[in-house]
Amino acid sequence: MQLGSLKLTNNLMLAPLAGVTDMIFRVYAKRFGCGLVFSEMINSNSVLHGGIKMHKKMHIHAEEFPAGIQLAGDDPTIMSEAAKMAEDAGAAILNINMGCPAKKVTKSMAGCALMQHPDLVRKIIRNVSDATQLPLTIKIRLGWDDKTMNYLEIAKIAEGEGCVGLMMHARTRMDRFSGEAKWDEIRNLKENIRIPVIGNGDVTSVQKALELFQASGCDGIMIGRGACGKPWIFKQILDERDNRTPYEPSISEIKNHILNHLDESLEYYGYPLGLVLMRKHFTWYTQGLSYSREFRHKIQTEMDLVKVKKLIHEYFDEKDLQRQGL
Ligand SMILES: Cc1cc2nc3c(=O)[nH]c(=O)nc-3n(C[C@H](O)[C@H](O)[C@H](O)COP(=O)(O)O)c2cc1C
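Following my numbering, the numbering of the sequence shown begins with 61 at its first residue and continues without gaps.
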């Protein structure tokens, strides 16, 4: 798939997820075949003020290439400056967040609030495009609420201002994450603009991925929550598409994956932050596995690294024995 000058190996993308899609997670998604990864949203005001945390958010590993950086904000000048910094940091493509429903973001005019201000959307896209050489995309929702679903208006602005693609999470801001994503609206968008449309919302399995392509005719899909605890979902979809049996990791592969993830998190963030940040991943990796509640309960409060690793070994080795009927 092609997004402007950027050629991708496939049309599967990792959605930006604040607090989740850090460099480590993105590299895993890439290793499992994801065509394009995006950073979590980076507040453009904070970029200019720097700091270690911001440096880590902007850090792109060679293995991620091509990676996108997502910027949030509402000031065209500040966003242009942040875009230049993202380009210097090695981003291959930019994305502007016009979908975040969180109050702390929308109380200014950022995130999904931007969709209520089409003129500002135009100005931001124009300024950011002028500031860098990078292909530019935007990520939107359907609109603020059911009565103001103006995604077509915003999409036309993006297209007119030279955006190379558009990601749409098919819910309104007021929906937040409730109900089902309205894939029909993605089809409507696809039928009404020429730039690539990347559909997003509720893809949690191979089957759902195929259904979204089928239902909407979208050019690519973006997966967020469905990749949490399952970064191999990209490989599974590619396997299915290429008529291979979709990859299903064994219990011991999942165990090794978690242990590696933990080690990399500790190396990148240090102790204790690297451990604390892993807690949500422990939950996701074990969701749906038997007796996982007890495992999660124990591991969520354990600060001793030796004990944490022991808990992981014990839980998964026990599961492996159960699987073998021993
Ligand atoms: C924990 C979490 C963090 C998110 N952070 C971002 C973000 O930083 N930028 C963004 O555009 N969307 C963000 N989203 C929205 C997702 O990118 C995506 O649009 C949404 O989760 C729907 O896709 P999914 O059903 O595949 O998860 C976030 C969602 C979740 C659950």
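The beta-carbon is built from N, C-alpha and C at its ideal position, and this holds for glycine as well.
Given the structure is predicted, the values throughout are model-derived calculations rather than measurements.
Distance between residue j and residue i (C-alpha atoms, nearest Å)
{"i": "residue 332", "j": "residue 354", "result": "22 angstroms"}
{"i": "residue 361", "j": "residue 105", "result": "34 angstroms"}
{"i": "residue 116", "j": "residue 100", "result": "11 angstroms"}
{"i": "residue 85", "j": "residue 260", "result": "19 angstroms"}
{"i": "residue 366", "j": "residue 109", "result": "38 angstroms"}
{"i": "residue 70", "j": "residue 294", "result": "10 angstroms"}
{"i": "residue 254", "j": "residue 211", "result": "14 angstroms"}
{"i": "residue 345", "j": "residue 314", "result": "8 angstroms"}
{"i": "residue 298", "j": "residue 266", "result": "9 angstroms"}
{"i": "residue 324", "j": "residue 193", "result": "33 angstroms"}
{"i": "residue 289", "j": "residue 341", "result": "6 angstroms"}
{"i": "residue 201", "j": "residue 380", "result": "42 angstroms"}
{"i": "residue 283", "j": "residue 150", "result": "23 angstroms"}
{"i": "residue 217", "j": "residue 373", "result": "53 angstroms"}
{"i": "residue 328", "j": "residue 83", "result": "9 angstroms"}
{"i": "residue 208", "j": "residue 357", "result": "43 angstroms"}
Residue from the options with nearest C-alpha to residue i
{"i": "residue 63", "options": "153, 295, 142", "result": "153"}
{"i": "residue 165", "options": "88, 135, 140, 188", "result": "135"}
{"i": "residue 228", "options": "250, 207, 312, 234", "result": "250"}
{"i": "residue 364", "options": "335, 378, 344, 127", "result": "335"}
{"i": "residue 175", "options": "155, 337, 199, 295", "result": "199"}
{"i": "residue 196", "options": "159, 184, 287", "result": "184"}
{"i": "residue 300", "options": "268, 204, 328, 376", "result": "268"}
{"i": "residue 162", "options": "139, 235, 194", "result": "235"}
{"i": "residue 203", "options": "186, 190, 173, 217", "result": "173"}
{"i": "residue 316", "options": "82, 78, 88", "result": "88"}
{"i": "residue 122", "options": "91, 264, 133, 138", "result": "91"}
{"i": "residue 80", "options": "286, 72, 378, 382", "result": "286"}
{"i": "residue 171", "options": "120, 232, 147", "result": "232"}
Outcome for residue i when other beta-carbon atoms lying within 10 angstroms are tallied against a minimum of 16
{"i": "residue 304", "result": "exposed"}
{"i": "residue 145", "result": "buried"}
{"i": "residue 351", "result": "exposed"}
{"i": "residue 237", "result": "exposed"}
{"i": "residue 189", "result": "buried"}
{"i": "residue 137", "result": "exposed"}
Whole-angstrom C-beta distance between residue j and residue i, which should lie under 8 angstroms
{"i": "residue 225", "j": "residue 256", "result": "4 angstroms"}
{"i": "residue 338", "j": "residue 319", "result": "Residue 338 to residue 319, Cβ: 10 angstroms. No contact."}
{"i": "residue 131", "j": "residue 112", "result": "Not confirmed; about 19 angstroms, so no contact."}
{"i": "residue 213", "j": "residue 230", "result": "At roughly 16 angstroms, the Cβ-Cβ gap does not stay under 8 angstroms, so residue 213 and residue 230 are not in contact."}
Interface flag, residue i vs chain C, CB-CB below 8 angstroms
{"i": "residue 325", "result": "Here there is only one protein chain, and chain C is not present."}
Q: Pair every Cβ in the segment 237-244 with every Cβ in the segment 266-285, then say whether three or more of these pairs are closer than 8 angstroms.
A: Touching, per the Cβ criterion.
Q: Spell out a yes or no on whether the segment 82-100 and the segment 126-134 are touching, meaning 3 or more CB-CB pairs, one atom from each, closer than 8 angstroms.
A: With the cut-off at 8 angstroms, the segment 82-100 and the segment 126-134 touch.
Q. With a cut-off of 8 angstroms, do at least 3 Cβ pairs link the segment 276-287 to the segment 306-325?
A. The segment 276-287 vs the segment 306-325: no contact.
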